[in-house]
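Visitor: Start counting the sequence shown at 62; every next residue gets the next number (the working numbering).
Ideal Cβ positions, reconstructed from N, Cα and C, are used throughout, including at glycine.
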Amino acid sequence: MDMMSQFSLEGKVALVTGGAYGIGFAIAEALAGAGAKIAFNCRDEKHMTQAISDYQAKGIDAKGYIADVTVEEEVLALVKKIEQDLGTIDILVNNAGIIRRIPMTEMSVEEFRKVIDIDLTGPFICAKAVIPGMIKKGHGKIINICSMMSELGRETVSAYASAKGGLKMLTRNICSEFGEANIQCNGIGPGYIATPQTAPLRERQPDGSRHPFDAFIVAKTPAGRWGTPEDLMGPALFLASDASNFVNGQILYVDGGILAYIGKQP
Ligand code: NAP
Ligand code: GCO
Numbered sequence: 062m063d064m065m066s067q068f069s070l071e072g073k074v075a076l077v078t079g080g081a082y083g084i085g086f087a088i089a090e091a092l093a094g095a096g097a098k099i100a101f102n103c104r105d106e107k108h109m110t111q112a113i114s115d116y117q118a119k120g121i122d123a124k125g126y127i128a129d130v131t132v133e134e135e136v137l138a139l140v141k142k143i144e145q146d147l148g149t150i151d152i153l154v155n156n157a158g159i160i161r162r163i164p165m166t167e168m169s170v171e172e173f174r175k176v177i178d179i180d181l182t183g184p185f186i187c188a189k190a191v192i193p194g195m196i197k198k199g200h201g202k203i204i205n206i207c208s209m210m211s212e213l214g215r216e217t218v219s220a221y222a223s224a225k226g227g228l229k230m231l232t233r234n235i236c237s238e239f240g241e242a243n244i245q246c247n248g249i250g251p252g253y254i255a256t257p258q259t260a261p262l263r264e265r266q267p268d269g270s271r272h273p274f275d276a277f278i279v280a281k282t283p284a285g286r287w288g289t290p291e292d293l294m295g296p297a298l299f300l301a302s303d304a305s306n307f308v309n310g311q312i313l314y315v316d317g318g319i320l321a322y323i324g325k326q327p
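(1) Rounded to whole angstroms, what is the Cα-Cα separation between residue 104 and residue 322?
(2) Following a CB-centred definition, is residue 169 positioned closer than 7 angstroms to any heavy atom of ligand 2?
(3) Please confirm whether residue 272 and residue 263 have their CB atoms less than 8 angstroms apart.
(4) Between residue 236 and residue 230, what straight-line distance do the alpha-carbon atoms span, to the nearest angstrom?
(5) Does the distance from the CB of residue 282 to the CB of residue 318 come in under 8 angstroms?
(6) Leaving out the 5 sequence neighbours to the left and right, which residues in its chain are closer than 7 angstroms to residue 217 when beta-carbon positions are compared?
(7) Do the CB positions of residue 312 and residue 290 come within less than 8 angstroms of each other?
(8) When DSSP builds the beta bridges, which residues end up paired with residue 101?
(9) On the premise that residue 153 lies in contact with residue 84, defined as a C-beta separation below 8 angstroms, what is that separation, rounded to the nearest angstrom?
(10) Does the distance from the CB of residue 258 to the CB of residue 179 come in under 8 angstroms?
(11) Taking 7 angstroms as the cut-off, is the beta-carbon of residue 263 closer than that to any non-hydrogen atom of ligand 2?
(12) Hey, residue 127 and residue 294: beta-carbon distance below 8 angstroms or not?
(13) Hey, is residue 327 close to ligand 2, as in C-beta under 7 angstroms from one of its heavy atoms?
(14) Please confirm whether residue 158 and residue 206 have their CB atoms less than 8 angstroms apart.
Written out as C-alpha cells, the structure reads:
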C-alpha cells in the first residue's frame, strides 16, 4: 500500500480561521504542502494583506477573507464566498482565538464573555456553517485548536480555560452527532508555543533576564523548549487527512510532554 497517499489533500478545500499568522498560518502551510486549496479569515485588513503576501512568498495562493468568527452572518457569507471561489469546504480548522490574562475577581463579565465568544462560540458558529456542505459531500474534517488549558487551569486564565475546556467537549459532541456522516472532528492541544499570543510570557525583563514564566515553562517541558508553530504542522496534516479517518473525538496534545510531567525537583 502507498502509505503516503493517505496524507494527500489534493483537491481538498481547507478553511483555517485566524490563519493570518501564528499557529493558523503554519497549519495552513502544512495543508497546502499536501495539496489543499487554502482559505483563511481574520478581522484586520492589514493582517490579511500581509498574510496573503507571506503565503505567496511560500508559493501558496491562499485566499484571504475578512470575517469575525463570532458573527454568524459574516461566517455564513464567508463560507458562501469560499464555495464560490474554491469549492465546498472539506477541512475546517477552528484556530481563531484570543486570551486575556486577568485575575478572575478583576475580570469584567464583558471581558469573560468576549473570550468565550471568540474561543468557543466562534468554533460552534464555524462548524455549524460548514457541516451541511460536508454532509452533502459525504465527508469532512474539523480540527478544533484546543489547549493545555482544556485540561489544566492556572492563575489569570479563567475565561480562556473555560472556553478551551468547552471546546474539548464541543469536539466530542460534533464527533458524536456527525460521525455517521463520515465527519471526523478532533482537537489539537498545543503546549506553550512561541507566537504573538505568548510573546508577553517570553519578553526579556528590564534587567535583561529571562521572563520568569519563560524559565518556568522550559523547566516544566520535557522537551526543554517552547514549541514552534511548525511543531503543529505534521499533527494537523494527520488529522486533516485520510490517515485519521477512524480517529474521532480525540484531543491530540502537541506539548513536548508537559502534560505528562510533574516537573523538575527545585
Ligand atoms: P495569535 O498569534 O494571537 O493569532 C490569532 C489569530 O486569530 C490572528 O490571525 C487573529 O487575527 C485571529 N482572530 C482573533 N480573533 C478573531 C475573530 N474573532 N475572528 C477571526 N479571526 C480572529 O494566536 P496563536 O498563538 O497563533 O493561537 C492560535 C490558536 O491556538 C488560538 O485558538 C489559541 O488559543 C490556540 N493556542 C495557542 C497556544 C500558544 O501557546 N500560542 C497554545 C495552545 C493553543 P485578527 O486579530 O486580524 O482577527
Ligand atoms: C498562558 C498561555 C497558554 C497557552 C496555551 C497553552 O497564558 O497560560 O497563553 O494558555 O496559550 O493555551 O496550551
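Guide: So, to answer that:
(1) Straight-line spacing of the CA atoms in residue 104 and residue 322 works out to 37 angstroms.
(2) Short note on residue 169: C-beta not closer than 7 angstroms to any heavy atom of ligand 2.
(3) Yes, the pair counts as a contact, with Cβ atoms nearer than the cut-off.
(4) Each residue's CA atom was taken as its position, placing residue 236 and residue 230 some 10 angstroms apart.
(5) Yes, these two residues count as a Cβ contact at 8 angstroms.
(6) Apart from the 5 residues on each side of it in sequence, residue 217 sits with its Cβ closer than 7 angstroms to the Cβ of 162, 163 and 164 in its chain, given in chain order.
(7) Against a cut-off of 8 angstroms, the Cβ pair of residue 290 and residue 312 comes out as no contact.
(8) The partner list for residue 101 (beta bridge, DSSP) reads 77 and 125.
(9) Contact between residue 84 and residue 153 is ruled out by a C-beta separation of about 15 angstroms, above the 8 angstroms threshold.
(10) No, the Cβ-Cβ distance between residue 258 and residue 179 is not below 8 angstroms.
(11) No.
(12) Taking C-beta atoms as the reference points, residue 127 and residue 294 fail to come closer than 8 angstroms.
(13) Outside the cutoff, so no.
(14) The Cβ-Cβ distance between residue 158 and residue 206 falls below 8 angstroms.
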